[in-house]
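Below you'll find the structure, written out as structure tokens, and then a few comments.
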Amino acid sequence: IFHITRGGVSKASKVINLSEDIFGGFNSTLRGGYVTHHEYIQVGKGRDVGLNPISIFEAKVANGNGEQTLSRDVYRLGHRFDFYRMLSFYFTTIGFYFSSMLTVITVYAFLYGRMYMVMSGAEKEILRLATPNQLAALEQALATQSIFQLGFLMVLPMVMEIGLEEGFRSAIVDFFIMQLQLASVFFTFQLGTKSHYYGRTILHGGSKYRPTGRGFVVFHAKFAENYRLYSRSHFVKGLELLLLLIVYQVYGHSYRSSNLYLYITVSMWFMVGSWLFAPFIFNPSGFEWQKTVDDWTDWKRWLDDRGGIGIPVDKSWESWWSVEQEYLKHTNIRGRILEITLALRFFIYQYGIVYQLNISQNSKSFLSLISMLMLMLNSLYFDPQMVSMGRRKFGTDFQLMFRILKALLFLGFLSVMTVLFVVCELTLTDLSASILAFLPTGWAILLIGQVLRSPIKALGIWDSVKELGRAYEKIMGLVIFAPIAVLSWFPIVSEFQARLLFNQAFSRGLQISMILAGRKDKAASSYK
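As structure tokens, this is what we get:
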């Protein structure tokens, strides 16, 4: 009766009030009511037990917490609570997601700051002026910090709770069993899910309900499905952090000890590995060779499909790419400006690498930057995706003209490369560094193009942006798929994964079923 007379639990907006039950609690508390919590010993309820359904559920809850952060209910409660109740309110609602986003932002700030110190020479000068005793003390301090960065400090409350209930011996044993079951990989991966969807909702809003199904999950998820689900939330960010770690190592290895680099970056390497490969580690039969081949065929078919009206996202890359940008259609001018501002970090990264090229040592002007930009533009024009798009546009009547245009572009590309190698003394090292620099730059151009979709469509170059996006999807998919394909060559990896994911009886039955399936296939082929 109390809630019915005060608006009820269900709210008017399915976007803002995505987590409708907690808004009922907000409503009750603001009006002087109390919300009690009842614990039951055993309550049966369907729960998500697979990585993909769990990630979808975490994305939905993170979106809901983002809308709570923007709502007036949380604002009013924060103004009316006393200090201690406000701390409890922060910890039990939006604070956990805000802290998760802050953790990821800290990693980005740390790596970009380290990259600046390496590119500018500040780190080299600091280490040169330091005495050996000071360096030893620094390495000892960083070693202690790296241990806590692995998450041991966050595990302490769990160990204390299990220790009080079952004894500290059981707590320590449970902790090590969790590590053997790759619990750290799982929770590090979910950290990326929470921070991505919470941050996107803060910037642009537009949360939505995501059905999980809660069905039987012991089945193999295809590579294309995992890519659609985790591309923007984990894979793109993981590859960006991977590039930053590689650049930090390459440009600072000549004067920095290996121990110092390891202490600083070990937890970040662990996070990058978890974000890129956790979906495949927790995917049943993720390293079985035949399924890997089928996944690659399905991935290629999905990526090359042109899409259209009514084509679902699991059938066409273009349909999925359009759905992924829906949040930009409804964002305001503040969200667009922030999105463009965040994309500018790739240009700073690019300039830092170009600044270190041998071709630019004699002159720190922007001439070398312009020459490298010409190299990138020639590479983009020579891209096979651009060529295929041009072939479709010219049609069969202008094939001769199109081939002449391709020949001219190729000759222009060769001439630019020849001038850079002969006149500007470009080296192969510089060429490799340029590729490392301009791959993120092209991604930044793509992000800005997506934000400015309407003006670009008016200029008639939206198809070029789309083909550039397709090319980047192919590159990212190949980089992620290559280690999976290599590991799938070894049957022991698939057997180890089955034993890791399932209990002994189930994994043994799974292996026997695979053997029987192989015998049936052989018998059928011999019968034919």
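For the sequence shown, our numbering assigns the number 63 to the initial residue and increments by one for each residue that follows.
The beta carbon of each residue, even a glycine, is placed where N, CA and C say it ideally should be.
Computed from a predicted structure; not experimentally measured.
{"Item": "I'd like the ranges of any alpha helix (DSSP H) spanning at least 4 consecutive residues and lying wholly in the segment 97–155.", "Value": "113–132, 134–142 and 145–154"}
{"Item": "Which residues mark the beginning and the end of the alpha helix (DSSP H) in which N591 is found?", "Value": "Look at the range of the chain in this structure, 63 to 590, and you will see that residue 591 is not part of it."}
{"Item": "Just to check my reading of the structure: A9 and Q412 have Cβ atoms closer than 8 angstroms, yes? What is that Cβ distance to the nearest angstrom?", "Value": "This structure cannot settle anything about residue 9, because the visible part of the chain is limited to 63 through 590."}
{"Item": "Compute the Euclidean distance between the alpha carbons of G229 and F237, then round it to the nearest angstrom.", "Value": "13 angstroms"}
{"Item": "Which word fits T263, buried or exposed, when buried means at least 16 other C-beta atoms lie within 10 angstroms of its C-beta?", "Value": "buried"}
{"Item": "Taking only runs of the beta strand (DSSP E) that begin and end inside the segment 522–551, which ones reach a length of at least 3 residues, in chain order?", "Value": "none"}
{"Item": "Can you tell which of M330, Y325 and K284 has the C-alpha that lies nearest to the C-alpha of E302?", "Value": "M330"}
{"Item": "Quick one: any contact between the segment 340–357 and the segment 518–530, if contact means 3 or more CB pairs under 8 angstroms?", "Value": "no"}
{"Item": "Below 8 angstroms, can you find three or more Cβ-Cβ pairs linking the segment 286–296 to the segment 159–166?", "Value": "no"}
{"Item": "Need the endpoints of the alpha helix (DSSP H) that V166 sits in, please.", "Value": "G157 to S182"}
{"Item": "Return the CA-CA distance between A561 and S378, expressed in angstroms with no decimal places.", "Value": "Inspection of the sequence shows that residue 561 is occupied by Arg rather than by Ala. Each residue's alpha carbon lies about 35 angstroms from the other."}
{"Item": "Could you check whether the segment 243–263 touches the segment 93–102, counting it as contact only if at least three pairs of C-beta atoms, one from each stretch, sit closer than 8 angstroms?", "Value": "no"}
{"Item": "Determine the burial state of V481: buried for a count of at least 16 other Cβ atoms within 10 Å of its Cβ, exposed for fewer.", "Value": "exposed"}
{"Item": "By the three-class DSSP mapping on this structure, what secondary structure does P374 have?", "Value": "coil"}
{"Item": "Determine the DSSP secondary structure at N89, reduced to helix, strand or coil.", "Value": "helix"}
{"Item": "Compare the C-alpha of E386 against each of L509, F344, S516 and K536 and name the closest.", "Value": "L509"}
{"Item": "Report all residues from its chain with a CB closer than 6 angstroms to the CB of F344; omit the five preceding and five following residues, and keep chain order.", "Value": "L113"}
{"Item": "Am I right that P346 and F281 are in contact with their C-beta atoms under 8 angstroms? What's the rounded C-beta distance?", "Value": "6 angstroms"}
{"Item": "Name the residue from Y323, V235, L291 and V375 whose alpha carbon lies nearest to the alpha carbon of H258.", "Value": "L291"}
{"Item": "Does the structure place the segment 511–518 close enough to the segment 542–557 that three or more beta carbon pairs sit under 8 angstroms?", "Value": "no"}
{"Item": "Within 10 angstroms of the Cβ of M222, are there 16 or more other Cβ atoms? Answer buried if so, exposed if not.", "Value": "exposed"}
{"Item": "With a 10 Å radius around its C-beta and 16 neighbouring C-beta atoms as the bar for buried, classify P502 as buried or exposed.", "Value": "buried"}
{"Item": "Shortest alpha-carbon distance to S269 belongs to which of S81, Q559 and E535?", "Value": "S81"}
{"Item": "Would you mind working out which of F172, R142, I466 and N125 sits nearest L307, comparing C-alpha positions?", "Value": "F172"}
{"Item": "Who are the Cβ neighbours of A121 in its own chain at under 7 angstroms, not counting the five residues just before and after it?", "Value": "T255, Y259 and R272"}
{"Item": "For T131, I'd like the list of residues in its chain whose CB is within less than 6 angstroms of its CB, leaving aside the five on either flank, ordered along the chain.", "Value": "I156"}
{"Item": "Please state if the CB of K536 and the CB of W383 are separated by a distance shorter than 9 angstroms.", "Value": "no"}
{"Item": "Keeping to the same chain, check which residues put their C-beta closer than 7 angstroms to that of Q41; ignore five residues upstream and five downstream.", "Value": "With the chain covering only 63 through 590, there is no way to say anything about residue 41."}
{"Item": "In this structure, does DSSP put E386 in helix, strand or coil?", "Value": "helix"}
{"Item": "Nearest-angstrom Cα distance between I373 and M240?", "Value": "42 angstroms"}
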